[in-house]
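Residue numbers (the working numbering): 1 to 303.
Every residue gets a Cβ at the ideal spot worked out from N, C-alpha and C, and that includes glycine.
These numbers were taken from a predicted model, which means no experiment stands behind them.
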C-alpha cells in the first residue's frame with residue numbers, strides 16, 4: 001500500500017468530509033472539528049485542482065504516447081503543404097526524440113509531430129498513467145480512502161519520471177505536459193478552465209448553508225470527531241447548490257426492488273384466491289356418478 005493511501009485511511013478515523021461538486025462525488029477528506037474554514041478550503045481546493053491537473057496530464061501523455069511531442073503553436077493544424085509553403089520548421093523535432101528512436105504515426109488533428117515512442121516506451125507511459133488515475137480516482141470514495149495533497153503529489157511524481165525516461169532531453173517549452181509540470185499551463189478559453197476553482201472564489205456548503213470563513217468546523221457540526229458529512233464546493237456567485245436528497249440513489253433502488261417484490265407477492269396471492277376453477281369439470285364432486293349414469297354431455301334447450 002502506498003504511503004499516501006495508508007495515511008489517507010488512517011486519517012479517516014477523524015471527521016470525514018465527502019466532497020462533491022454539484023451531485024458528483026470528488027473525494028473524501030479527513031480533518032478535525034477545530035479546523036479553521038480557511039484552512040479547510042485551502043486543503044480542499046488544493047486536492048480538487050490537483051486531481052484536475054493529474055487528469056489533464058494523463059490525457060496529454062496518452063496523446064504523447066500515440067503521436068509524439070506537440071508542434072509549435074504556429075504549425076498546429078496545418079497540412080504538410082502549408083508548412084512547406086510557409087517555410088515553417090519545428091526546431092524541437094531533432095532535440096526531443098524518444099528513447100530507442102521514434103515510430104512515425106501521423107496525428108490527424110495536426111497537434112503533434114507524429115514521432116511517437118516505440119511500443120516499449122509507450123507502455124512505460126501508459127502504465128504510469130493508469131496508476132496515477134487509479135490513485136486519484138473518484139472510486140476511492142466507494143473504497144473509503146481519503147485523499148491528501150500528498151496523494152496528488154504521489155500521482156504526479158511518477159508521471160514526471162516516466163516522461164523523463166521516454167524523453168531524456170525533455171519536452172518543448174510549448175508542450176502542455178511540460179507547462180503543466182512547471183505550473184505554466186494556460187487554460188484560458190478551454191473547458192478545463194471552467195472546472196478549476198481557485199481558493200479565493202471557493203465556497204463550502206453543508207446542509208444548505210454556506211460555511212463562512214473565520215469560523216471553525218465545530219461551529220457547524222459540533223465537537224464529535226467521528227462525524228461524517230457531505231460538503232459541496234461552489235464558485236462565488238453561483239448561488240446555493242442543490243441539497244442532498246433525503247435518501248441515496250442506492251436506498252431508492254432498494255426501495256423500488258422491495259416494492260416490486262411486494263407487488264409480485266400480492267399478485268400470486270390474488271391468483272391463489274381465484275375460485276374460478278370451481279366451474280371446471282374436474283372440480284365437480286358429482287362428475288363420477290353422472291358418468292356412470294350416462295348423464296354427462298347432456299344439453300338442455302330446443303334443438
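What would DSSP say about residue i, mapped onto helix, strand or coil?
{"i": "residue 69", "result": "coil"}
{"i": "residue 168", "result": "coil"}
{"i": "residue 17", "result": "strand"}
{"i": "residue 9", "result": "In this predicted model, residue 9 has a pLDDT of only 47, less than 50, meaning its place in the structure is not dependable; the value taken from the coordinates is given anyway. In the structure shown, residue 9 sits in a helix (DSSP, three-state: H, G or I)."}
{"i": "residue 212", "result": "coil"}
{"i": "residue 153", "result": "helix"}
{"i": "residue 327", "result": "It is not possible to answer for residue 327, since the shown part of the chain is limited to 1 through 303."}
{"i": "residue 173", "result": "coil"}
{"i": "residue 234", "result": "strand"}
{"i": "residue 146", "result": "strand"}
{"i": "residue 202", "result": "strand"}
{"i": "residue 138", "result": "coil"}
{"i": "residue 79", "result": "coil"}
{"i": "residue 196", "result": "coil"}
{"i": "residue 24", "result": "strand"}
{"i": "residue 105", "result": "coil"}
{"i": "residue 36", "result": "strand"}
{"i": "residue 31", "result": "strand"}
{"i": "residue 268", "result": "helix"}
{"i": "residue 241", "result": "coil"}
{"i": "residue 89", "result": "coil"}
{"i": "residue 229", "result": "strand"}
{"i": "residue 98", "result": "coil"}
Note down, in chain order, each residue of its chain lying with its Cβ closer than 7 Å to the Cβ of residue i, except the 5 sequence neighbours on either side.
{"i": "residue 113", "result": "68, 69, 71, 90, 93"}
{"i": "residue 128", "result": "158, 159, 162"}
{"i": "residue 156", "result": "54"}
{"i": "residue 189", "result": "none"}
{"i": "residue 167", "result": "96, 98"}
{"i": "residue 141", "result": "18, 25, 27, 28"}
Taking all protein chains shown into account, do 16 or more other C-beta atoms lie within 10 angstroms of the C-beta of residue i, making it buried, or fewer, making it exposed?
{"i": "residue 15", "result": "buried"}
{"i": "residue 175", "result": "buried"}
{"i": "residue 261", "result": "exposed"}
{"i": "residue 27", "result": "buried"}
{"i": "residue 148", "result": "buried"}
{"i": "residue 81", "result": "exposed"}
{"i": "residue 100", "result": "exposed"}
{"i": "residue 139", "result": "exposed"}
{"i": "residue 178", "result": "buried"}
{"i": "residue 121", "result": "buried"}
{"i": "residue 8", "result": "Below a pLDDT of 50, predicted positions are generally treated as unreliable, and residue 8, at 46, falls in that range; the measurement from the model is reported next regardless. It counts as buried."}
{"i": "residue 132", "result": "buried"}
{"i": "residue 231", "result": "buried"}
Do you know offhand how far residue i's Cα is from residue j's?
{"i": "residue 264", "j": "residue 255", "result": "14 Å"}
{"i": "residue 41", "j": "residue 75", "result": "41 Å"}
{"i": "residue 307", "j": "residue 20", "result": "Within the shown structure, residues of the chain are numbered from 1 to 303, placing residue 307 beyond reach of any answer."}
{"i": "residue 306", "j": "residue 145", "result": "For residue 306 there is no data in the structure shown, the boundaries of the chain being 1 and 303."}
{"i": "residue 199", "j": "residue 46", "result": "8 Å"}
{"i": "residue 194", "j": "residue 234", "result": "12 Å"}
{"i": "residue 222", "j": "residue 154", "result": "33 Å"}
{"i": "residue 25", "j": "residue 79", "result": "42 Å"}
{"i": "residue 109", "j": "residue 63", "result": "11 Å"}
{"i": "residue 307", "j": "residue 118", "result": "Nothing can be reported for residue 307: it is not among the residues displayed for the chain, which extend from 1 to 303."}
{"i": "residue 30", "j": "residue 107", "result": "44 Å"}
{"i": "residue 86", "j": "residue 73", "result": "14 Å"}
{"i": "residue 229", "j": "residue 213", "result": "18 Å"}
{"i": "residue 11", "j": "residue 196", "result": "Because the pLDDT of residue 11 is 47, which lies under 50, any placement of that residue in the model is unreliable, and the number read from its coordinates should be weighed accordingly. When rounded, the distance between both Cα atoms is 26 Å."}
{"i": "residue 238", "j": "residue 202", "result": "10 Å"}
{"i": "residue 130", "j": "residue 180", "result": "18 Å"}
{"i": "residue 236", "j": "residue 211", "result": "13 Å"}
{"i": "residue 258", "j": "residue 23", "result": "25 Å"}
{"i": "residue 35", "j": "residue 209", "result": "18 Å"}
Give the C-beta separation of residue i and residue j to the nearest angstrom, bearing in mind that I take them to be a contact with Cβ-Cβ under 8 Å.
{"i": "residue 171", "j": "residue 96", "result": "6 Å"}
{"i": "residue 215", "j": "residue 17", "result": "Actually they are not in contact, since the Cβ atoms of residue 215 and residue 17 sit about 15 Å apart, beyond 8 Å."}
{"i": "residue 241", "j": "residue 205", "result": "5 Å"}
{"i": "residue 126", "j": "residue 65", "result": "6 Å"}
{"i": "residue 124", "j": "residue 165", "result": "6 Å"}
With a threshold of 8 Å on Cβ separation, who are the neighbours of residue i within its own chain once the five nearest residues in sequence on each side are excluded?
{"i": "residue 104", "result": "114, 115, 116"}
{"i": "residue 33", "result": "15, 216, 217, 218, 221, 222, 223, 224, 225, 227"}
{"i": "residue 48", "result": "19, 21, 26, 27, 197, 233"}
{"i": "residue 169", "result": "95, 96, 97"}
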